[in-house]
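Residue numbers (the working numbering), protein chains in the order written: chain A, 6 to 770; chain B, 9 to 240; chain C, 204 to 298; chain D, 204 to 298.
By construction, the Cβ of each residue, glycine as well, lies at the ideal position given by its N, Cα and C atoms.
Because the structure is a prediction, the values reported are computed rather than measured.
First the structure, in the form of structure tokens, and then the observations on it.
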Amino acid sequence: MSTAEGAVAEDSVSPRAGDPPVTAEVVADHGLSVDEYERIRSIMGRDPTFTELGIFSAMWSEHCGYKNSKRLLRLLPTTAPWVIQGPGENAGVIDVGDGYALAFKIESHNHPSAVEPYQGAATGVGGILRDIFTMGARPVAILDSLRFGDLDSGRTRYLFSGVVSGVGDYGNCVGIPNIGGEVAFDRGYEGNPIVNAMCLGLMKREELITASASGVGNTLMAVGARTGRDGIHGATFASEELSEDSDESSRPQVQVGDPFTEKLLLEASLELIASGVITGIQDMGAAGITSSATEMAGRAGTGVELEMTAVPTREQGMTPYEILLSESQERMLVVVEKGLEGEVTRILEKWELEAAEIGRVTSDGLFRILEDGVVVASIPALPLTEGCPTYEREGIESEEIQALRAMDLSEHLIPEGDLTKTFMLLLSSPNVASKRWIYEQYDTTVRTATAVRPGGDAGVIRIRGTKRAVAATTDCNGRFVYLEPKRGAMIAAAEAARNLVCVGAVPTAVTNNLNFGNPLKPHIYYQLREAVLGMVDACETFETPVTGGNVSLYNETDGRSIYPTPVIGMVGVIEDVATITRQAFRHEGEDIVLLGANTNELGGSEYLYVTADLVAGAPPAVDLDAERALQQAVLKMIHERLLSSAHDCSEGGLACALAESALGDGEAPHGIDVDIDDDLRPVAALFGEAQGRIVVSCAPDRTDQVLRVAALHEVPARRIGTVQGPDDDFRISVRGASISARPAEMGAAYFDSLANRMEAPPTGT
Amino acid sequence: MKAAVVTFPGSNGDYDLYKAAQQVGFDTHFVWHRERGLDAYDVVLLPGGFSYGDYLRAGAIARMSPIMEDVIRFAAAGGPVLGICNGFQTLCEAGLLPGALVRNDVLRFQGKDVRIRVERTDLPFTSTYTEGQILTIPIAHGEGNYEADPATLEELEGEGRVVFRYVDRNGEPGAAANPNGSWHNIAGVTNEAGNVLGMMPHPERAMEKLLGSDDGLALFASLVASVPALSS
Amino acid sequence: MTRYSLEVRIKPRPGLLDPEGKAIHHALQSLGWGAVDEVRVGKVIYIDLEAESEAAATETATAMCRKILANPVTEDFQVSMAVGVPAGKLEGAQS
Amino acid sequence: MTRYSLEVRIKPRPGLLDPEGKAIHHALQSLGWGAVDEVRVGKVIYIDLEAESEAAATETATAMCRKILANPVTEDFQVSMAVGVPAGKLEGAQS
Ligand SMILES: Nc1ncnc2c1ncn2[C@@H]1O[C@H](COP(=O)(O)OP(=O)(O)O)[C@@H](O)[C@H]1O
Ligand SMILES: [Mg+2]
């Protein structure tokens with residue numbers, strides 16, 4: 006590779022007729038600081054042209070350049086013997102045994118979804134699917150992690166229903182089952198929804214391919230959909246705060262998803278990879294052709310040269326600037342062995358798609374753009390991908406949040422009153438209630454591999470031809486992170502791991518999505534830093550390396566930030582599908598055993614939100630070593646076939662966890678008889694969200710063995726009651742007080758709540 | 009004993025159908041929609057999915073594919089043709105089955121397990137079920153609302169051509185058991201000759217208990233049982 | 204050959220259910236538009252094509268409807284020239 | 204009060220990808236209609252309502268579009284009277 010400096014001198018680039026001059030204002034509009042612009046000038050040894058400025062601005066945006074998060078992300082544990090591909094590629098890859106590898110990744114589409122919920126969510130799913138199949142893996146499962154404001158607002162219902170149908174329509178059409186996700190409703194997300202989509206893909210180990218532009222002289226081809234003026238500067242725009250007039254037509258064009266083309270592109274790409282004619286492939290995602298081409302060159306240490314007039318466009322008269330920065334969906338860039346271009350065209354034609362030769366791999370390390378043979382941009386590729394300045398900001402905790410955390414909650418707790426009433430209120434709260442209204446809009450069974458569908462603690466996909474399966478979950482309680490970021494992030498990872506062990510999977514690796522506000526504000530940077538530090542501790546303790554993720558900053562509306570929300574997407578491995586465990590109680594007369602200890606903690610709980618409209622107090626304590634011991638104990642119980650069911654305690658506490666196990670999928674609910682004699686406030690024992698607890702059930706002759714395994718791992722455990730018949734009541738008594746309800750009424754509160762809320766009259770877009 | 013799974017651009021249930029046919033012993037092959045010729049096959053299977061993205065109308069564009077001429081010829085010769093979900097929609101568009109499948113009355117995609125009742129067991133698709141048997145089978149569709157004009161409906165009912173009906177746990181076809189608004193809770197219908205079946209639920213996704221249900225197995229087993237009789 | 208812009212309207216047959224129309228009707232009423240009597244939803248397909256004459260263009264579009272654009276079981280169709288539509292300018296919804 | 208029949212046409216904004224239009228275009232071409240240049244697909248909503256005058260009816264429908272019928276980010280709309288549409292009779296597709 007020749008030196009960048011030497012090479013630049015060879016290209017003479019003069020401003021392109023019709024392009025605006027690069028003024029200080031234009032630079033600022035591109036989201037670049039004065040210092041950053043100076044850095045660009047010194048890299049170029051001259052002033053950049055308008056096209057070049059656009060390229061820098063996209064590549065050095067938060068979205069592509071990770072300016073404000075890179076230094077923190079370096080702290081995450083990323084290696085383990087089973088990690089095949091860590092961060093830096095389109096997706097992480099781990100070994101899951103029997104010759105199979107799992108590619109997985111999570112991605113945010115928060116800003117596009119705030120502007121156009123349906124298309125924003127749909128294209129979010131499209132993007133994450135492409136990240137997976139460009140690794141050579143066939144997508145096998147989708148999860149979606151969503152957050153909105155309170156559901157009583159018409160605008161929130163509009164966003165929520167648009168996002169859910171966008172996620173659904175796209176994944177359903179491509180034919181990838183949805184196996185889980187999460188959703189939270191809290192005023193902390195008003196105006197700025199969180200839409201994160203995760204995808205899992207399976208491949209044989211040897212099918213892995215990476216995205217690099219190697220082999221000087223090889224041809225670059227654009228395949229798939231044509232390039233339009235969609236989402237120009239989406240990457241920059243994703244890095245700005247939303248404001249009042251966010252949905253004006255002056256914004257960049259909305260990207261429209263075409264899942265049909267995606268399905269064809271998926272099949273064509275996997276066929277291309279299998280054919281061996283290509284050496285690299287990458288999705289044209291954020292910042293379009295620019296980022297895919299420069300990143301591929303960056304990874305290979307080569308250069309690329311692209312001819313803009315060769316790029317198939319949807320509209321006439323597109324400028325190089327527009328073509329380079331377009332974020333039109335369902336497009337790929339592939340590097341083809343010189344001379345084999347016809348083979349690519351043949352495969353693409355079979356799938357009724359276009360392929361066009363648009364450039365070649367060069368040896369000079371330059372990202373060179375031609376328009377009809379005339380050089381209109383020429384930039385050293387490496388500084389574009391690696392040279393983005395990174396910052397360590399000042400982080401100070403907000404005093405307001407400190408005060409919230411220290412608040413004496415007893416003043417705000419309403420008298421305990423009728424526990425059954427409170428219980429029913431919680432069961433029907435949208436944060437606890439069944440998410441059936443969502444996942445019934447998703448195809449969960451296509452591909453005939455879904456062993457555990459949404460509605461359980463984690464989704465499970467079996468690997469055909471083996472006894473194995475993989476499990477996945479996404480988790481984060483933003484309230485906890487808001488109240489204490491480090492602890493909240495640890496809880497997110499701990500909950501994810503608990504969800505995995507409940508289905509019988511060994512937690513194996515993590516992808517994460519950091520959804521935060523504006524990092525230039527010290528109290529937001531504080532949240533970001535602390536959350537990452539919490540994630541570091543938890544992932545180290547659980548031996549779940551982080552193989553990738555996504556950062557979405559500037560999630561603010563009119564200066565108000567969302568709750569800091571580091572979503573953990575965790576995957577696990579099940580060696581024998583026969584050990585898959587579910588959350589529903591199964592047999593009348595079986596024992597119910599609580600693993601872990603109840604506490605008096607109510608900080609940040611759904612109980613507080615529902616009864617006192619409060620997000621305050623300290624989030625529950627989390628002891629990572631104890632969590633780890635709990636995980637191992639449960640896995641051992643499951644592997645020894647001791648358990649009939651397992652379910653972790655999260656929002657709504659022990660009472661809601663018991664209710665979920667008792668109700669199952671609603672087809673055959675059970676009553677229960679449970680007695681909790683802890684010396685705690687009844688509301689805390691029932692509705693507190695203490696960490697490290699899992700409710701299991703087992704045949705009575707297994708109970709001693711279950712308690713013994715728990716003791717061996719030093720996990721507190723005790724029998725708290727029995728599973729009863731379908732006609733029995735659901736009864737929990739706590740030191741004189743009690744909850745008592747009919748399973749049928751609980752079922753109505755739990756299963757129909759979301760649907761009922763969504764039937765409220767519309768209020769327009 | 010050969011089965012063809014016809015794949016259109018956008019089909020996504022082809023692989024599941026292939027595996028189901030294979031599981032019961034068919035020598036199964038994918039046939040791409042631009043290929044021609046189905047003479048070598050004993051049964052023809054049209055999979056679910058979103059052929060051409062369901063754009064225009066589900067099945068409307070797939071119906072124009074070259075292979076459909078062969079499917080029509082195969083059916084006319086009495087060969088068993090099964091269309092599931094998008095396959096059902098395509099068979100209706102092609103006129104091999106009466107009626108049409110329009111948008112679910114709830115206006116949302118519906119993906120869940122439903123119960124259907126077997127109304128007839130003298131067909132190559134249902135011979136190993138018992139009449140009135142209730143099956144638990146997944147659905148996954150946005151346009152599964154079966155409509156036909158009143159005369160056609162009367163004819164279908166009169167001739168016993170409704171093969172599957174959505175029912176509740178007691179086997180009753182009430183409104184609460186109807187996931188999409190279909191007239192008469194119709195989940196599957198056959199043609200006059202009884203050799204073409206279209207159904208919205210996915211029997212190919214109900215082939216093993218691990219995944220929730222194996223109630224679809226008998227449908228494919230019935231097809232196997234029908235083959236020697238047909239070819240002899 | 205001249206380029207013609209056609210408009211093809213496809214409408215659910217009277218008598219058949221139109222759940223989307225019903226849902227919109229309901230939504231309009233709950234937003235206070237009680238004076239609405241009926242709502243039906245169809246599709247409109249805008250087709251630009253080259254033809255010898257207006258009549259030929261219309262004939263072509265009609266043939267398309269019969270062949271593929273409309274489903275005879277559930278839909279009626281109507282072909283017209285996109286020009287000549289009276290009242291109502293095309294308006295950006297946000298304006 | 205008189206009963207008016209209105210037609211609201213809702214069309215994807217120019218420049219936005221219209222995957223359905225693209226797929227139909229492709230289908231028409233492969234059926235031999237090569238003379239087709241462009242296809243875009245929108246929705247048509249037929250609304251019958253009571254109003255004081257034609258102008259009032261149009262105004263109401265326009266307000267409905269702004270409030271709920273059209274998506275301001277992706278769609279343009281056009282309100283017109285359903286009567287007065289020239290050419291093209293409503294035809295049963297099978298006829
Ligand atoms: N947006 C969603 N998409 C798909 N499934 C969802 C979604 N939200 C929730 N679910 C499913 O509903 C069930 C309950 O969700 P949640 O209460 O978040 O579970 P947990 O507390 O165990 O993480 C889970 O199986 C989850 O996968
Ligand atoms: Mg859980």
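- In the structure shown, residue 124/A adopts helical secondary structure according to DSSP, grouped into three states.
- Under the DSSP assignment, residue 491/A falls in the alpha helix (DSSP H) whose first and last residues are 490-508.
- Closest in C-alpha terms to residue 124/B, from the list 82/B, 107/B, 172/B and 117/B, comes 172/B.
- The straight-line gap separating the alpha-carbon atoms of residue 436/A and residue 503/A is approximately 19 angstroms.
- Under a 10 Å Cβ-count criterion, residue 183/B is classified as exposed, with fewer than 16 other Cβ atoms of the shown protein chains found around its own Cβ.
- The beta carbons of residue 311/A and residue 302/A sit about 10 angstroms from each other, so the pair does not count as a contact at 8 angstroms.
- Cβ contact annotation for residue 147/A (same chain, cutoff 6 angstroms, sequence separation greater than five): 176, 181, 183 and 204, in chain order.
- In this structure, DSSP gives residue 54/A a state outside helix and strand, which the three-state scheme calls coil.
- Between residue 87/B and residue 448/A, the beta carbon gap of about 29 angstroms keeps them out of contact (Cβ cut-off 8 angstroms).
- Contact between residue 601/A and residue 699/A is confirmed by a C-beta separation of about 6 angstroms, below the 8 angstroms threshold.
- CA-CA distance, residue 347/A to residue 367/A, rounds to 21 angstroms.
- Distance from the CA of residue 170/A to the CA of residue 751/A, rounded to the nearest whole angstrom, comes to 27 angstroms.
- Excluding five sequence positions before and after residue 137/A, the CB atoms of its chain that fall closer than 6 angstroms to its own CB belong to 96, 108, 144, 204 and 206, given in chain order.
- Neighbours of residue 72/B across chain C, judged by C-beta separation under 9 angstroms: 270 and 271.
- Neighbourhood of residue 118/B in chain A, by CB distance below 7 angstroms: 445, in chain order.
- Within chain D, the residues placing a beta-carbon under 9 angstroms from that of residue 261/A are 215, 219, 220, 221, 222 and 277, ordered along the chain.
- For residue 234/D, the chain B residues whose Cβ falls inside 7 angstroms of its Cβ are 72, in order along the chain.
- Only buried fits residue 272/A, as 16 or more other CB atoms lie within 10 angstroms of its CB.
- DSSP places residue 582/A within a helical segment (H, G or I) once states are collapsed to three.
- At least one CB atom of chain B sits nearer than 9 angstroms to the CB of residue 178/A.
- Counting only Cβ-Cβ distances below 8 angstroms, residue 226/D has contacts in chain A at 265, in chain order.
- Bridge partners of residue 249/D according to DSSP: 243/C and 210/D.
- Below 8 angstroms, too few C-beta pairs join the region 492-503 of chain A and the region 381-394 of chain A to call them touching: fewer than three.
- Here residue 78/A is buried, its C-beta having at least 16 other C-beta atoms within 10 Å.
- Per the coordinates, the alpha-carbon of residue 106/B lies some 13 angstroms from the alpha-carbon of residue 191/B.
- The beta carbon of residue 262/D does not come within 9 angstroms of any beta carbon belonging to chain C, so the residue lies off that interface.
- When the Cα atoms are used, residue 680/A and residue 593/A turn out to be separated by approximately 17 angstroms.
- Contact between the region 304-323 of chain A and the region 224-232 of chain A is present: three or more C-beta pairs spanning the two stretches fall below 8 angstroms.
- Contacts between residue 26/B and chain D, judged by CB atoms closer than 8 angstroms, are missing: the closest CB pair is about 25 angstroms apart.
- For residue 219/A, the CB contacts under 8 angstroms within the same chain, skipping 5 residues up- and downstream, are 284, 285, 305, 307, 340 and 366 in chain order.
- If you check the CB distance, residue 143/B and residue 95/B do not come in under 9 angstroms.
- At a cut-off of 9 angstroms between beta-carbon atoms, residue 155/B makes contact with chain C.
- For residue 208/A, the secondary structure class from DSSP, reduced to helix, strand or coil, is strand.
- Short of 7 angstroms from the beta carbon of residue 758/A, and not among the five residues preceding or following it, lie these beta carbons of its own chain, in chain order: 433, 435 and 438.
- Residue 519/A and residue 32/A have their C-alpha atoms some 27 angstroms from each other.
- Residue burial annotation: residue 633/A is buried, with at least 16 other C-beta atoms found within 10 angstroms of its C-beta.
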